[in-house]
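Residue numbers (this note's numbering), protein chains in the order written: chain A, 42 to 177; chain B, 42 to 177. For each residue, glycine too, the CB sits at the ideal point set by N, CA and C. Below is one structure, written out as structure tokens, with a few remarks after it.
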DNA sequence: ATAAAACCTGTAGTGACTATAGATTCAAGT
DNA sequence: ACTTGAATCTATAGTCACTACAGGTTTTAT
């Protein structure tokens, strides 16, 4: 018993994507221009709901809008191959691994320098010292 | 044998911060307005070099410009306490940990769904399926 | 004196939204 | 049919931390 037509607010509630973001995706041509009511309000159907779920899920997994655009082109043209999709996904997973590695370096440095600091009142802080030197 | 005065290019080479970024930091009031030559070129001294090192190092550790502004205010007003600085640093380390956790979730999902895909030619991809469903 | 390198200001673009203002339309109740 | 309030509309600007121009001026080296 799924509804046939959604206003933008209903679509937003159904997908968890904010109204402004939905309109933004439309401007970015990630989401088809929906039909309009006589008064000009957007009227969405199941296919928009599906597509917006796809976009949201992909965003949750860290794909950029450009990457999502690529994915959508592949999925739309039904000639896509699993191989292409997998390549994009694996590539994306790699870039996430790099980000994690970078952040872990930051974290360990931060923990190391804060461990050196006793947190007292005197104005000669080992953290400030550590930040003051240029390295790497 | 450190130089007394640097043009913006020399400062850039010395710190690894791009010229445009140095000017941007000046507009953001992270870096003091330096004295100018007669013709209007910026002329930096040791204190600018030190401060720019500090900013760069802090950026490398993931502090936002606002956080760096706070750090600088504490360091400048010589009344800062180690405790304040440490609190900011520990807080920042926590937010980095959160980012890492998020990215790790993304990564494991991506690896899981790409493992399901054999990468062949038929157009029914388990990755696409996984992206099509809304969860969490 | 000239040419090239360095520098100047101001503005606009990036990504992925988010926020606001001010107007219009829709749905529900009387 | 009318009124009210919620929902929606467009257009524009703001966020963060830069980055990239364009078109001009100054400095430095020959």
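Item	Value
8 Å Cβ cutoff, residue 173 of chain A in contact with chain B	yes
Own chain residues within Cβ distance below 8 Å of residue 45 of chain A, not counting five before or after	86, 87
Buried versus exposed call for residue 169 of chain A [16 or more other C-beta atoms within 10 Å across all chains shown]	buried
Straight-line Cα distance separating residue 133 of chain A from residue 104 of chain A	7 Å
Residue 12 of chain B classed as buried or exposed, judged by whether at least 16 other C-beta atoms fall within 10 angstroms	Nothing in the structure corresponds to residue 12 of chain B, since chain B is present only between 42 and 177.
Helix, strand or coil at residue 174 of chain A according to DSSP, with G and I counted as helix	coil
Short CB-CB distance (under 8 Å) between residue 51 of chain B and chain A	no
Reduced DSSP secondary structure (H/G/I, E/B, other) of residue 121 of chain A	coil
N-terminal and C-terminal residue of the alpha helix (DSSP H) that residue 65 of chain B is part of	60–68
Inter-residue Cα distance where the pair is residue 123 of chain B and residue 118 of chain A	60 Å
When A:129, A:106, A:158, A:101 are compared against residue 147 of chain B, the one with the closest alpha-carbon	A:101
Local Cβ density within 10 Å of residue 42 of chain A, reported as buried at 16 or more and exposed below that	Residue placement at residue 42 of chain A cannot be trusted, given a pLDDT of 47 that sits under 50; what the coordinates show is reported in the next sentence. Label assigned to residue 42 of chain A: exposed.
Bridge-paired residues (DSSP) for residue 83 of chain B	B:77
Any C-beta of chain B under 8 Å from that of residue 110 of chain A	no
Residue 60 of chain A versus residue 140 of chain B - alpha carbon distance	26 Å
Chain-order list of residues whose beta-carbon lies under 7 Å from that of residue 75 of chain B (same chain, five-residue window excluded)	83, 84, 85, 89
Residue-chain proximity (residue 145 of chain B, chain A), Cβ-Cβ < 8 Å	yes
Spatially closest choice to residue 162 of chain B from A:50, A:125, A:97, by CA coordinates	A:125
Cβ-based burial, residue 136 of chain A [other Cβ within 10 Å; buried from 16]	exposed
Nearest-angstrom Cβ-Cβ length linking residue 98 of chain A and residue 174 of chain B, presumed shorter than 8 Å	7 Å
Within-8 Å CB hit, residue 122 of chain B to chain A	yes
8 Å Cβ cutoff met for residue 63 of chain A and residue 112 of chain A	no
Range covered by the alpha helix (DSSP H) that runs through residue 52 of chain B	49–56
Per-residue contacts from residue 133 of chain A into chain B (C-beta, under 8 Å)	151
Classification of residue 128 of chain A by the beta-carbon crowding that lies within 10 angstroms, buried from 16 upward	exposed
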